[in-house]
Amino acid sequence: ADVRKTSFEHFRRIVDFARRQRTGMAGSAVKPPVVQASMMEALEEDCTMYGIKKEEFRTSIASASEVKRVLTMMDKRDRQLKLLYKMSRDGAAYTDLLNGVGDASGLLFVIQDGSTHKFSAFIDGPLAQPADPTRHKVSRCPISLYSISGAYDAPTKIPLPAEKPQSVAVAGREGAVLGSSGQSSGNVYIGEMGAAVLWLGKAEPGPAADLRSCHVWVTEAHLPPGYRGAMDEGKGILATDKNFTATEIDVLSLV
């Protein structure tokens, strides 16, 4: 945007809007600044100049303290996070996720199941699309999992063995990621087979109608002490059930 002179009042309101976005309660809606009708166009231009959209902003479902704990466990406490995709704001369709994330890399998925369970998955790479939109693409990249609430009393890292291949599988816009049986199963797979798995848009056969249909588990051997969730055939669950409907999904990128 072109650089232009901004009135002190507009500048004050824009700074306050940015502050409320950063400090708002997890999952809250932050209303944009309002001025008299004759000045609205000028305020919108000023917001654009400062790189801020003059529209209702929804904060991440992870609170500031939860984000800080996760970044510390990732050993990236000096980094910031930018919200790229929010399901309740951008839509639950798989294409909504792809449009929001684009080619960004270093992605933190934060997933909420009801009022009690929240967890995150970090992939040190992008959601790389296959050249053929009817197929899927598997990329090897480091991943990590974190329980934020529900499965543990406090945010906890789920250690995964580095010696096993970790991967992200991403469906094309018209395709599906295949499961272990070769059947179409979902939109996005993040995991380390035999240790931990997260699916978005999961169904049998899949993909599901939208991203909310999820599947997650961690083998008992990789659950740190303090786990208080249910067990299912030797697998712990970071949500209320291994097959669950996500209440909210956020995707943030490291900046």
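If you want the working numbering, it's the 1-based position in the sequence shown plus 24. Cβ coordinates follow ideal geometry from the N, Cα and C atoms, glycine included. Quick caveat, the model's predicted, so the values are computed rather than measured.
Can the beta-carbon of residue i be found closer than 8 Å to that of residue j?
| i | j | result |
| --- | --- | --- |
| residue 179 | residue 98 | no |
| residue 116 | residue 235 | yes |
| residue 242 | residue 182 | yes |
| residue 127 | residue 120 | no |
| residue 143 | residue 169 | yes |
| residue 166 | residue 177 | no |
| residue 42 | residue 85 | no |
| residue 110 | residue 265 | no |
| residue 212 | residue 278 | no |
| residue 175 | residue 258 | no |
| residue 184 | residue 141 | no |
| residue 90 | residue 172 | yes |
| residue 189 | residue 210 | no |
| residue 40 | residue 56 | no |
| residue 208 | residue 229 | yes |
Start and end of the alpha helix (DSSP H) containing residue i?
| i | result |
| --- | --- |
| residue 92 | 88-97 |
| residue 72 | 64-73 |
Rank the options by C-alpha distance to the C-alpha of residue i and give the top, closest one.
| i | options | result |
| --- | --- | --- |
| residue 220 | 207, 227, 191 and 209 | 191 |
| residue 271 | 238, 187, 258 and 257 | 238 |
| residue 262 | 154, 231, 145 and 118 | 145 |
| residue 30 | 72, 61 and 42 | 72 |
| residue 66 | 34, 251, 233 and 216 | 34 |
| residue 214 | 206, 207, 195 and 55 | 195 |
| residue 154 | 193, 184 and 140 | 193 |
| residue 224 | 57, 59, 118 and 276 | 118 |
| residue 217 | 59, 276, 231 and 240 | 240 |
| residue 187 | 209, 204 and 164 | 164 |
| residue 276 | 233, 94, 250 and 226 | 94 |
| residue 74 | 62, 36, 61 and 59 | 36 |
| residue 366 | 61, 101 and 70 | Residue numbering for the chain in the displayed model covers 25 to 279; residue 366 lies beyond these limits and cannot be assessed. |
| residue 244 | 64, 60 and 260 | 260 |
| residue 112 | 100, 136 and 101 | 136 |
| residue 227 | 269, 256, 250 and 248 | 269 |
Mind checking which residues open and close the beta strand (DSSP E) that includes residue i?
| i | result |
| --- | --- |
| residue 277 | 272-278 |
| residue 193 | 191-195 |
Would you check if there are 3 or more beta carbon pairs closer than 8 Å linking the stretch 125-134 to the stretch 98-113? yes
Check whether the stretch 195-202 touches the stretch 159-166, counting contact only when three or more Cβ pairs, one atom from each stretch, lie closer than 8 Å. yes
Please give the ranges of any beta strand (DSSP E) in the stretch 105-183, keeping only runs that are unbroken, at least 3 residues long and fully inside the region. 105-110, 131-137, 141-147, 160-164, 167-173 and 180-182
I'd like the ranges of any beta strand (DSSP E) spanning at least 3 consecutive residues and lying wholly in the stretch 209-268. 212-216, 220-224 and 237-243
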